[in-house]
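Number 164 in our numbering belongs to position 150 of the sequence shown; there are no gaps in the numbering.
The beta carbon of each residue, even a glycine, is placed where N, CA and C say it ideally should be.
Bear in mind the structure is a predicted one, so any value in this text is a computation, not a measurement.
Take a look at the structure set out below.
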Amino acid sequence: MVAEVLAALAVRPGGVYADGTLGGGNHAAAILERSQPDGRLYGCDLDPEAMSRAQVRLEPFAGRFVLREGSYVTLPEWVPAGSCDGVLLDLGVSSHELDTAARGFSLRHDGPLDMRFSPHSSPTAAALVNETPVAELARIFRELGEEPAALRLARAIDQERRRTRIETTGHLVAVTERVLPPRGRGVHPATRLFQALRMAVNREVETIREGLLAAWKLLRENGRLVCIAFHGGEARLVKEFGHRLSRNYEVVGPVDRPEFRRPQTPQLRWVHRHAVRPSREEVRVNRRSRSSLLYAFERIP
Ligand SMILES: C[S@@+](CC[C@H](N)C(=O)[O-])C[C@H]1O[C@@H](n2cnc3c(N)ncnc32)[C@H](O)[C@@H]1O
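This is how it looks when you write it as structure tokens:
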């Protein structure tokens, strides 16, 4: 969604931008290209391999960017507050990570059950699958994967791991297929379970919530935050953030009770009324992009 990202960020020559999810650096390169001759970019990714690829991809723009390995949550530790015209968070896993069997993200390539964005973090998906109590596993599958058969799957995994540890993506797919046999050419039944595990391994709910606030701190007045979500769970967190900062009241407590609301000055304007989706042409060339949902928010004075 390169054209859509550039438009949503309103990239201009001389602007300052941050890309919190560099991946292979495609969006970052497009931002540096469009902001020529003197636009600047801060970039980070948790994945050291992604960082190396981005470094190479961005070489033609040397001198105009600073990259650091790390989470977008920590951007405010090294990017000055209020310094950016735009921040991009392209959430989730990259095609490169998905296609690398050794990373364990894909149910289509057999590999170790890893699923960590950063090799320095823990736990791995194998540790979660083999060591998490059944009720907690079921909660992960239900809440993070919206999996209707969450408890049945957790019990099947428990039965299998009592026999032998589940260490590979192929083994986990086989266990899933015993409970939910694949039908036809539609979405594979293990898809939701894999998504849930990846989110749990990388603490994605907490990270996205903290990361949106971190990104917001970097923006100057009228600066834009652009987020690309890849599934309903990510989109919900992004929209929740947008609603919270655009309201003229603050919700006090876990439930919104009108009598307890506190007035607040809205900080944010939604740039588009609805999520922007990839063009038909993009989906034709890159089928994985079909689920992408882009949201853009402007910081109001
Ligand atoms: C969808 S890809 C981004 C692709 C990128 N926009 C491009 O143009 O190539 C998402 C990237 O975010 C990284 N990532 C996931 N969680 C992160 C976090 N908390 N902080 C920084 N990077 C993260 C992943 O390692 C992956 O490289």
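Per-residue burial, residue i [other beta carbons within 10 Å of its own, 16 or more giving buried]
i, result
"Ala141", "exposed"
"Arg301", "exposed"
"Trp230", "buried"
"Ser135", "exposed"
"Ala210", "buried"
"Asp52", "exposed"
"Ser293", "exposed"
"Glu273", "exposed"
"Val290", "buried"
"Ala204", "buried"
"Val70", "exposed"
"Glu18", "buried"
"Gly197", "The amino acid at residue 197 is misidentified as Gly; the sequence shows Arg. The residue in question, Arg197, is exposed, as its Cβ has fewer than 16 Cβ neighbours within 10 Å."
"Glu254", "exposed"
"Glu220", "exposed"
"Val14", "Since the first residue shown for the chain is 15 and the last is 315, residue 14 is missing from the structure and cannot be characterised."
Residues of its chain near residue i, where Cβ-Cβ distance is below 6 angstroms and the 5 sequence neighbours each way are ignored
i, result
"Cys241", "Leu103, Val252 and Tyr309"
"Gly125", "Ala115, Ala116, Gly118 and Thr183"
"Met213", "Leu158"
Between the CA atoms of residue j and residue i - distance to the nearest angstrom
i, j, result
"Leu151", "Gly200", "25 angstroms"
"Arg122", "Asp128", "14 angstroms"
"Ala22", "Glu264", "27 angstroms"
"Pro162", "Ala95", "43 angstroms"
"His286", "Ala24", "13 angstroms"
"Arg271", "Ala228", "28 angstroms"
"Arg304", "Arg298", "9 angstroms"
"Phe311", "Arg261", "13 angstroms"
"Glu224", "Phe208", "23 angstroms"
"Arg250", "Pro27", "33 angstroms"
"Gln278", "Pro137", "39 angstroms"
"Val101", "Leu232", "8 angstroms"
"Tyr31", "Val189", "45 angstroms"
"Ala243", "Arg156", "19 angstroms"
"Gly256", "Arg153", "26 angstroms"
"Gly39", "Leu20", "14 angstroms"
"Thr178", "Leu307", "40 angstroms"
"Leu226", "Pro280", "16 angstroms"
Cβ distance (whole Å) where residue i is taken to contact residue j below 8 angstroms
i, j, result
"Ala168", "Val215", "Not a contact, Cβ separation roughly 16 angstroms."
"Arg206", "Gly159", "4 angstroms"
"His266", "Arg275", "Reading the sequence as shown, one finds Val at residue 266 and not His. Rounded, the Cβ-Cβ distance is 7 angstroms, consistent with contact."
"Gly29", "Ser49", "5 angstroms"
"Leu5", "Leu89", "Not covered by the structure: residue 5. The range shown for the chain is 15 to 315."
"Met15", "Glu248", "No, Met15 and Glu248 are not in contact; Cβ-Cβ is about 14 angstroms, not under 8 angstroms."
"Glu83", "Asp59", "7 angstroms"
"Ser12", "Asp61", "Residue 12 lies beyond the range of the chain shown here (15 to 315); nothing can be said about it."
"Tyr86", "Thr35", "6 angstroms"
"Leu55", "Ala42", "6 angstroms"
"Ile222", "Leu105", "7 angstroms"
Proximal residues to residue i (C-beta, below 7 angstroms), its chain only, five neighbours per side dropped
i, result
"Glu181", "Pro126, Leu127 and Ala140"
"Glu235", "Arg313 and Pro315"
"Val93", "Ala32, Tyr56 and Leu232"
"Arg130", "Thr138, Val215 and Asn216"
Chain B contact for residue i (CB, 8 angstroms cutoff)
i, result
"Thr138", "Of the protein chains in this structure there is only one, and it is not chain B."
Closer than 7 angstroms: residue i CB and nearest ligand 2 heavy atom
i, result
"Glu111", "This structure lacks ligand 2; the ligands present are ligand 1."
Contact set for residue i: own chain, Cβ-Cβ below 8 angstroms, skip 5 residues either direction
i, result
"Ala149", "Ala168"
"Cys98", "Val30, Tyr31, Ala32, Tyr56, Leu232, Leu233, Arg234 and Gly237"
- Message: Counting beta carbon pairs with one atom in the stretch 173 to 191 and one in the stretch 103 to 113, are three or more of them shorter than 8 angstroms?
- Response: no
- Query: Any chance the stretch 66 to 74 sits against the stretch 189 to 203, with 3 or more Cβ pairs inside 8 angstroms?
  - Reply: no
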